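In order, the protein sequence lines correspond to chains W and E.
Counted from 1, the first sequence has number 179 at position 12 by this note's numbering; the numbering is strictly sequential.
Counted from 1, the second sequence has number 458 at position 85 by this note's numbering; the numbering is strictly sequential.
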Amino acid sequence: MKRLLTRENIVRLLLAAALGGTIWKGFMKTPEAASHLRPDWYFESLIGDGENSAIMKERHHDVLEATDKAVRVRLSELRAGVYAPAPGSLVSEESLVRAIRKNQATRERAVDDVLRAEEKLARAKNLQAAGWRMGLGFGPAGEERP
Amino acid sequence: MSRAARALRLGLWALPAGFVLGLGALVWFGAWHYPAMGLAGIPKTDSRAALEKAARGMTASEGLVFEDFDFAKFREAPTARDAYAWGAARCRARDGSTVFFWVYLEWSKKRGQWLRNYSLELAAPDDEIYFTRQHPGQLARARLALGKLLGQLAAHIREARQDLQRPDL
């Protein structure tokens, strides 16, 4: 009779267990499984992520506004003769004016990012309030039309 | 084995060991020690005190005099329970010009205290906001970025040393 408890078989068993555990954990994180089997956890993570990203987008907007102010103050102090760039520095009146213009576009985008993050958070809260669950069948392809 | 061969073997072991120890020390300092330095005991609700303590140390290590916060914010995620504090500190440089310093802290749920996060001088002369397509060239950019990273590390080490000398700072 062949021995069952060999070193190879133990390794095979451990590998299978690890693979099974990974598949199970991944499956329990899909919206299909999580929204049906543990909706509290699902919506808590969805809303928690939404809150953290909304705060992050606000912070990114703030750092751009603060950078803009720093550049403008530096430009005015350069013109007033308070600030003098070191020889070979990247900072000059032209580069400061250019930096303000470049930052303008980034700041406009950041305003939009803040709004989108807030919308996404509101959407997650609405889904929770409506008791939404991920559909298990095949949904209609493309955009739904009334 | 001859003495020369033994010395060679020892040297070959000491080289990677020293490298690993040095890397470990860098990670310990950057990821564990420096972020927390002097911020233990400040409650989550008193983010202003934590921001001010961090700002004073950071700006002093860069040779700046901290004046006040241009603005400071505290935000807490109600469901995720993560908390953040950030602000722009107005400082005076040695030549009398104004410098704004970005200070960003995160509340660590694991360690139960405020931790310093990525903070830097805003619109510093080596900031990428001054970069344009051709100027400076790729190599000069890489050198500036590396210089900025090493400069920040040096400032953090200076801050840790002045924190040892003046714990009241």
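The beta-carbon is built from N, C-alpha and C at its ideal position, and this holds for glycine as well.
In this text, all values refer to a predicted model and were calculated from it rather than measured experimentally.
Residues in the same chain with beta-carbon distance under 8 Å from LEU231(W), minus the five sequence neighbours each way, listed in chain order, please. Hits under 8 Å: ASN270, THR273, ARG274, ALA277.
If you draw a straight line from the C-alpha of TRP401(E) to the C-alpha of LYS169(W), how long is it? 52 Å
Please name the residue in GLU440(E), GLY403(E), SER470(E), ARG429(E) whose C-alpha comes closest to that of VAL238(W). SER470(E)
Buried versus exposed call for ILE502(E) [16 or more other C-beta atoms within 10 Å across all chains shown]: buried
So that I know if they touch, is there some Cβ in chain W lying closer than 8 Å to that of THR505(E)? yes
If the cut is a Cβ gap below 8 Å, which residues of chain W does SER470(E) touch? ARG241, GLU244, VAL249, TYR250
Check the Cβ of ARG226(W) against every Cβ in chain E and list those closer than 9 Å, keeping chain order. LYS446, ARG448, TYR457, TRP459, TYR477
Keeping to the same chain, check which residues put their C-beta closer than 7 Å to that of TRP475(E); ignore five residues upstream and five downstream. Excluding sequence neighbours, TRP475(E) sits near ALA461, SER492, LEU493, LEU495.
TRP459(E) burial status per 10 Å Cβ neighbour count (16 or more: buried): It is buried - the Cβ of TRP459(E) has at least 16 other Cβ atoms within 10 Å.
How would you label HIS529(E), buried or exposed, when you count the other beta carbons within 10 angstroms and need 16 or more for buried? buried
Cβ distance (whole Å) where LEU412(E) is taken to contact ALA427(E) below 8 Å: That pair is a contact at about 7 Å.
For LYS446(E), the nearest candidate out of ALA398(E), LYS417(E), ALA466(E) (CA to CA): Nearest C-alpha to LYS446(E): LYS417(E).
So with Cβ pairs under 8 Å, would you call PRO451(E) a contact of chain W? yes
Please determine, among LEU399(E), PHE442(E), ALA453(E), the residue with the shortest C-alpha to C-alpha distance to GLY217(W). ALA453(E)
Is the Cβ of ALA284(W) closer than 8 Å to any Cβ of chain E? no
Collapsed DSSP secondary structure at VAL472(E) in the structure displayed: strand
Please classify LEU383(E) as buried or exposed, where buried requires at least 16 neighbouring CB atoms within 10 angstroms. Exposed is the label assigned to LEU383(E), since fewer than 16 other Cβ atoms lie within 10 Å of its Cβ.
Verify the CB distance criterion: does PHE439(E) have a CB-CB separation below 8 Å to chain W? Output row for PHE439(E): interface = no.
Three or more C-beta pairs below 8 Å linking the region 197–210 of chain W and the region 286–306 of chain W: yes
Count the other CB atoms within 10 Å of the CB of ALA308(W); is the residue buried (16 or more) or exposed (fewer)? exposed
Which one or two residues does DSSP pair with ALA449(E) in a beta bridge? In the sequence on display, residue 449(E) carries Glu and not Ala. GLU449(E) is bridged to ALA456(E).
Mapping DSSP to helix, strand and coil, what is LEU523(E)? helix
Proximity test, Cβ basis, 8 Å: ASN270(W) and chain E: Chain E contact via Cβ: present.
Cβ of THR234(W) within 8 Å of any chain E Cβ: yes
Going along chain E in order, which residues have a C-beta closer than 9 Å to the C-beta of ALA253(W)? PRO498
ALA462(E) (DSSP reduced to helix, strand or coil): strand
Could you pull out every residue in the same chain whose Cβ sits closer than 8 Å to the Cβ of MET223(W), ignoring the five residues on either side in sequence? ALA284
Per-residue DSSP class, three states only, for ASP441(E): ASP441(E) falls in the strand class under three-state DSSP.
Leaving out the 5 sequence neighbours to the left and right, which residues in its chain are closer than 6 Å to LYS192(W) when beta-carbon positions are compared? none
So, at 6 Å on beta carbons, what are the nonlocal neighbours of ILE267(W) in its own chain, with the 5 sequence-adjacent residues on each side left out? VAL238
Just curious, the alpha helix (DSSP H) that LEU488(E) is in, first and last residue? Unbroken run through LEU488(E) is the beta strand (DSSP E), 486–489; no alpha helix (DSSP H).
To the nearest angstrom, how far is it from the Cα of LEU542(E) to the Cα of LEU478(E)? Here LEU542(E) scores only 49 on pLDDT, less than 50, and its place in the model should not be relied on; the value that follows carries that caveat. CA-CA distance, LEU542(E) to LEU478(E), rounds to 18 Å.
Given a threshold of 16 other Cβ atoms within 10 Å of its Cβ, counted over all protein chains shown, does ALA404(E) qualify as buried or as exposed? Answer is exposed; the Cβ neighbour count stays below 16.
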